[in-house]
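Peer 1: Structure in structure tokens, see below.
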Amino acid sequence: MNAEPAIELKGISKAFGPVQANKDISIRVMPGTIHGIIGENGAGKSTLMSILYGFYKADRGEVFISGTKTEIPDSQAAIAAGIGMVFQHFKLVENFTVLENVVLGAEEGARLRPSLSKARKLLTELAREYELSVDPDETIEELSVGHQQRVEILKALYRKADILILDEPTGVLTPSEADHLFRILKGLRDEGKTIILITHKLREIMDVTDTVSVMRRGEMTATVKTSETNPQALAELMVGRKVLLQVDKVAAQPKDKVLDIQGLRVVDDDGVERVKGIDLNVRQGEILGIAGVAGNGQSEVLEVLGGYRSATGRVTLNGQDIDLTGRASDGQTRRANGICHVPEDRHREGLILDYFAWENMVFGYHRAPEYQRSKYLMDNRAIRRDTEEKMARFDVRPPIPNLAAKNFSGGNQQKIVLAREIERDPELLLVGQPTRGVDIGAIEFIHQQIVELRDRGKAVLLVSVELEEILSLADRITVMFDGQITGERLAADTNENELGMLMAGITDTSGAA
Amino acid sequence: MDFLTLIQILDTTVRLATPLLFACLAGLYSERAGIFDIGLEGKMLAAAFFSAAFAAITGSVWLGLLAGMGASLFLSAVHGLASITFRGNQLISGVAINFLAAGLTVLIAQDWFQQGGRTPSLAGAARFNEIDLPFQSALADVPYLGPIYSELISGHSILVYVAFLTVPLTWYILFRTRFGLRLRAVGENPAAVDTAGVNVIWLRFVAVGICGVLCGLAGAYLATGLQAGFVKDMSSGRGFIALAALIFAKWRPWYALFACLLFGFFQALSFRPDVVKAVLQFEIPGQLMDALPYILTVVILAGFVGKAIPPRAGGEPYVKER
Chain B
8 MNAEPAIELK
18 GISKAFGPVQ
28 ANKDISIRVM
38 PGTIHGIIGE
48 NGAGKSTLMS
58 ILYGFYKADR
68 GEVFISGTKT
78 EIPDSQAAIA
88 AGIGMVFQHF
98 KLVENFTVLE
108 NVVLGAEEGA
118 RLRPSLSKAR
128 KLLTELAREY
138 ELSVDPDETI
148 EELSVGHQQR
158 VEILKALYRK
168 ADILILDEPT
178 GVLTPSEADH
188 LFRILKGLRD
198 EGKTIILITH
208 KLREIMDVTD
218 TVSVMRRGEM
228 TATVKTSETN
238 PQALAELMVG
248 RKVLLQVDKV
258 AAQPKDKVLD
268 IQGLRVVDDD
278 GVERVKGIDL
288 NVRQGEILGI
298 AGVAGNGQSE
308 VLEVLGGYRS
318 ATGRVTLNGQ
328 DIDLTGRASD
338 GQTRRANGIC
348 HVPEDRHREG
358 LILDYFAWEN
368 MVFGYHRAPE
378 YQRSKYLMDN
388 RAIRRDTEEK
398 MARFDVRPPI
408 PNLAAKNFSG
418 GNQQKIVLAR
428 EIERDPELLL
438 VGQPTRGVDI
448 GAIEFIHQQI
458 VELRDRGKAV
468 LLVSVELEEI
478 LSLADRITVM
488 FDGQITGERL
498 AADTNENELG
508 MLMAGITDTS
518 GAA
Chain R
862 MDFLTLIQIL
872 DTTVRLATPL
882 LFACLAGLYS
892 ERAGIFDIGL
902 EGKMLAAAFF
912 SAAFAAITGS
922 VWLGLLAGMG
932 ASLFLSAVHG
942 LASITFRGNQ
952 LISGVAINFL
962 AAGLTVLIAQ
972 DWFQQGGRTP
982 SLAGAARFNE
992 IDLPFQSALA
1002 DVPYLGPIYS
1012 ELISGHSILV
1022 YVAFLTVPLT
1032 WYILFRTRFG
1042 LRLRAVGENP
1052 AAVDTAGVNV
1062 IWLRFVAVGI
1072 CGVLCGLAGA
1082 YLATGLQAGF
1092 VKDMSSGRGF
1102 IALAALIFAK
1112 WRPWYALFAC
1122 LLFGFFQALS
1132 FRPDVVKAVL
1142 QFEIPGQLMD
1152 ALPYILTVVI
1162 LAGFVGKAIP
1172 PRAGGEPYVK
1182 ER
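Residue numbers (the working numbering), protein chains in the order written: chain B, 8 to 520; chain R, 862 to 1183.
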């Protein structure tokens, strides 16, 4: 190994107003290695890399590239220093071709043609060398997300980057695309490139990195060799305390049926039948998980129960019929009847991002008597007080009711939605993707809250595409495939393989299990 | 309708399409770079006044043209400052420019010339005069091709030829040069341009500047080519028609040419009610004929165009974020 680090940061600090995003960070990244930087959302990983790529200017600190002190005032300088960045949200021009995107900003001469033909040749070479094949004449919007990411990598390589930074690269990829990406990264490393991988997923760090640095609340807490650590230890370093990667709960004690669904059918706006007659029930004191690959009808079931999609069939709550036509009951009346709902997409359905936390805390319950001052006026002071209490109980950070929802991290946004719904002590809680885009510390907390509700004898219907989450959180698991139920198992008696088969529509495993 | 009448109408079409074409291409540069420009009208009007005023004072149409372009560039700079540097709302800035131009031109005209808000009539070297292309009189008697050459193609002012040559030039710049690639990219996804190490702010200012120059040409042509002097509100909505043409053309230079010719054709028809009557066999009220280009604008904007996808980052100021 060379003695000189490819990148060395010394004492980098950066504050955004009162928030100290990076505190005195020093790190050495050795050439020809894959160096992971792991930390929760908001730990300052992305800020640090943005400083390295010239997006932000550090308040203090120095950057050394291959031993030379380097100033990086803008992206141009970063590119010149041999740094390439693959952003979490791709910076590609959607209706340009691959070739045009690669060439953009790195053209040679005022005329376009020569640059394009030169780039075409280079792309073919790179594609052969690193499994990075993409059709250079395809437009970006026609490419899959995985291929778009390859274009980003090609862009960096075309600019002769020796150091490649990838920010949460697998967030948008399917598992097989992620595996392919890791093969590419290993190939690049073996060619002598230096790779910095930013992620909050422990598994990726263990799979692909040589060295790993952990960040917590703006500080670099440790740098260790990946071979000398384990996920549990890294999780502790990230969160700053012991973390349970498994949900801690006692066996369920189901009692009476709360929700009973019979012959539920849902036809979507395009006339396609998305749910094809399913029967389900959820009992007091149990968590029923619906597993399945996204788009197999689970979301529609949640939407029907939440009151914003019409359906046919029979649904009863504690023996009372619920109107499914959408005429006599909507989300608000459902909530008043004790069906509370944490929607799958908190940005679209759970929150209004531009509204304050306290406003978001009453949506769906804004007619509740405790929030009214008179017949026409709402009691905003009472709502803010209520929000403060709920934020304290759910450990929402920062606990400021007057902050717009968009200014909270993903985990804290989700806690706001959960606090709003769970604190109503519902008969039935509908939860969709409770931990999507949420970091480890918050996942643990959210799982605990859901289990606590169950232990109070309430019913929970959980929909998640994360098999791991379903397995550890649910008591009973129903699998949906193509709008139908392909099987039901007790969580204690099944495993990922069996559920995976059911999720693929293969139903004849019950005999073998 | 005989052949010569058709040639005459087409000849008028070309003249009337010219200011539209300049303004439309001006808008094309600006909007392709992601800056919506509703102020084409105001810039055109300001340019019309200043070109006529300076031509009247100095007696030179070329100095007038420079003054017109200068005025238009100044308003472009205001628009750029408001919407690029200070990330203001592009529509509001554009509307403000329109009002500013409509009021100030008349005010200054009255102060300088005391002729009720107009400039003196221009003549001779203070106007862009028609130029005859070579052999136009020699070829005039050749059947069909003769009139087309000598009436339709020859005998326009220099700015008309400049406008039509700007079309292929714009196409080349946009699709065959580095600058064009970056310009189109910055209107679609400025973040991609920024991370590629190109200065977004500068690029957008250049685009808005080109827009200013072309609007200057449009205005100067109005006051010193098409007409002989400035009168109040003489742009009479051409800036907005140019915007409609731009959408109709789906932000493409060649389509813009045809869109502007189409609008110009309808404007030309409104000058020849006799011909319309002869062709249609019934009379269309004059007011309706005058309104036709505007009605067409509304109809086209109301969705006759099919799917016109504007540049995706259009109207949004660029804020660095990740």
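Quick reminder that beta carbons are idealized off the backbone N, C-alpha and C, glycines included.
With burial defined as no fewer than 16 other Cβ atoms inside 10 Å of the residue's Cβ, what is the status of Arg67(B): buried or exposed?
Peer 2: Exposed is the call here.
Peer 1: Please report how far the alpha carbon of Asp1002(R) lies from the alpha carbon of Thr879(R), in whole angstroms.
Peer 2: Each residue's Cα considered, the two are about 27 angstroms apart.
Peer 1: So is Gly112(B) in contact with chain R if we call contact Cβ pairs under 8 angstroms?
Peer 2: Yes, its Cβ sits closer than 8 angstroms to a Cβ of chain R.
Peer 1: Using only the alpha-carbon positions, how far apart do Leu173(B) and Ala928(R) sit?
Peer 2: One C-alpha to the other measures close to 52 angstroms.
Peer 1: Please list, in chain order, the residues of the region 77-106 of chain B that have any C-beta partner in chain R closer than 9 angstroms.
Peer 2: Against chain R - using a Cβ distance shorter than 9 angstroms - the residues of the region 77-106 of chain B are Asp81, Ser82, Gln83, Ala84, Ala85, Ile86, Ala87, Met92, Phe94, Gln95, His96, Phe97, Lys98, Leu99, Val100, Glu101, Asn102, Phe103.
Peer 1: How many Å lie between Ile918(R) and Phe1091(R) at the Cα?
Peer 2: Going from the Cα of Ile918(R) to the Cα of Phe1091(R) covers about 13 angstroms.
Peer 1: Can you name the start and end residues of the beta strand (DSSP E) that His42(B) belongs to?
Peer 2: Per DSSP, His42(B) belongs to the beta strand (DSSP E) from 41-46.
Peer 1: Taking the straight line between their C-alpha atoms, what separation do you get for Ala1184(R) and Leu150(B)?
Peer 2: It is not possible to answer for residue 1184(R), since the shown part of chain R is limited to 862 through 1183.
Peer 1: Return the Cβ separation of Ser53(B) and Ile205(B) in integer angstroms, given the expectation that the two are a contact with Cβ distance under 8 angstroms.
Peer 2: The Cβ separation is near 7 angstroms, so the contact holds.
Peer 1: Report the option in Lys397(B), Val221(B), Glu475(B), Gly304(B) whose CA atom is closest to the CA atom of His42(B).
Peer 2: Closest option to His42(B), Cα to Cα, is Val221(B).
Peer 1: Using a Cβ-Cβ cutoff of 9 angstroms, what residues of the region 1056-1069 of chain R are near chain B? List them in chain order.
Peer 2: Under the 9 angstroms Cβ criterion, the region 1056-1069 of chain R contributes Thr1056, Ala1057, Gly1058, Val1059, Asn1060.
Peer 1: Going along chain B, which residues have a C-beta under 9 angstroms from Val1136(R)?
Peer 2: Simply none; closest approach about 43 angstroms.
Peer 1: Using a C-beta cutoff of 8 angstroms, does Phe911(R) count as contacting chain B?
Peer 2: No, Phe911(R) lies away from the interface with chain B (no Cβ there is under 8 angstroms from its Cβ).
Peer 1: State whether the region 262-280 of chain B contacts the region 234-247 of chain B, with contact taken as three or more CB pairs (one from each stretch) at a distance under 8 angstroms.
Peer 2: With the cut-off at 8 angstroms, the region 262-280 of chain B and the region 234-247 of chain B do not touch.
Peer 1: Assign Glu475(B) to buried or exposed, taking buried as 16 or more other Cβ atoms, counted over all protein chains shown, within 10 Å of its Cβ.
Peer 2: Exposed is the call here.
Peer 1: Going by DSSP, what residues sit across from Leu266(B) in a beta bridge?
Peer 2: Answer by DSSP bridge pairing, in chain order: Val289(B), Leu324(B).
Peer 1: Look at the Cβ atom of Asn419(B), then the Cβ atom of Arg431(B), and state whether they are nearer than 8 angstroms.
Peer 2: Not a contact, by the Cβ cut-off of 8 angstroms.
Peer 1: Among the residues of its own chain, which have a CB less than 8 angstroms from the CB of Gln379(B), if the five just before and after it don't count?
Peer 2: Same-chain partners within the cutoff: Met385, Asp386.
Peer 1: Assign Gly338(B) to one of three DSSP states: helix, strand, or coil.
Peer 2: Here Gly338(B) sits in helix by DSSP.
Peer 1: My output table needs one value for Ile79(B): the three-state DSSP class, helix, strand or coil.
Peer 2: Coil.
Peer 1: Helix, strand or coil for His348(B)? Go by DSSP, reduced to three states.
Peer 2: Three-state DSSP puts His348(B) in a strand.
Peer 1: Do you know how far the Cα of Ser479(B) is from the Cα of Lys256(B)?
Peer 2: Their Cα atoms are separated by approximately 9 angstroms.
Peer 1: At a Cβ threshold of 8 angstroms, is Thr23(B) touching chain R?
Peer 2: Just to set this straight, residue 23(B) is Phe in the shown sequence, not Thr. It does not; no Cβ of chain R falls within 8 angstroms.
Peer 1: Nearest-angstrom Cα distance between Ile1071(R) and Ala1052(R)?
Peer 2: Distance between the alpha carbons of Ile1071(R) and Ala1052(R): 22 angstroms.
Peer 1: Spatial neighbours of Ala1024(R) within its chain, please: CB distance less than 6 angstroms, with the 5 preceding and 5 following residues excluded, ordered by chain position.
Peer 2: Closer than 6 angstroms at the Cβ level, and outside the excluded window around Ala1024(R), lie Thr879, Leu882, Phe883.
Peer 1: May I ask which residues mark the beginning and end of the alpha helix (DSSP H) holding Val967(R)?
Peer 2: Where Val967(R) is concerned, the enclosing alpha helix (DSSP H) stretches over 951-974.
Peer 1: Measure the alpha-carbon distance for Lys167(B) versus Leu133(B) and round it to whole angstroms.
Peer 2: Answer to the nearest angstrom: the Cα atoms are 11 angstroms apart.
Peer 1: Excluding the 5 residues preceding and the 5 following Gly903(R) in the sequence, name in chain order all residues of the same chain whose CB lies nearer than 6 angstroms to its CB.
Peer 2: So the qualifying residues of the chain are Ile958, Asn959, Ala962.
Peer 1: Would a C-beta distance cut-off of 8 angstroms place Gly978(R) and Asp993(R) closer than the cut-off?
Peer 2: Against a cut-off of 8 angstroms, the Cβ pair of Asp993(R) and Gly978(R) comes out as no contact.
Peer 1: Does any residue of chain B have a CB that is nearer than 8 angstroms to the CB of Arg1173(R)?
Peer 2: For Arg1173(R), the answer is yes, since a Cβ of chain B falls inside 8 angstroms of its Cβ.
Peer 1: Distance cutoff 8 angstroms, beta carbons only. Does Ala50(B) sit that close to anything in chain R?
Peer 2: Output row for Ala50(B): interface = no.
Peer 1: Ile294(B) and Ala481(B) - do their beta-carbons sit closer together than 8 angstroms?
Peer 2: Cβ atoms of Ala481(B) and Ile294(B): closer than 8 angstroms.
Peer 1: In three-state terms, what does DSSP make of Thr980(R)?
Peer 2: The answer is coil: DSSP assigns Thr980(R) none of H, G, I, E or B.
Peer 1: Just to confirm my understanding: we take Val458(B), look at its own chain, exclude 5 residues before and 5 after, and list those with CB closer than 7 angstroms. What are they?
Peer 2: Excluding sequence neighbours, Val458(B) sits near Val254, Lys256.
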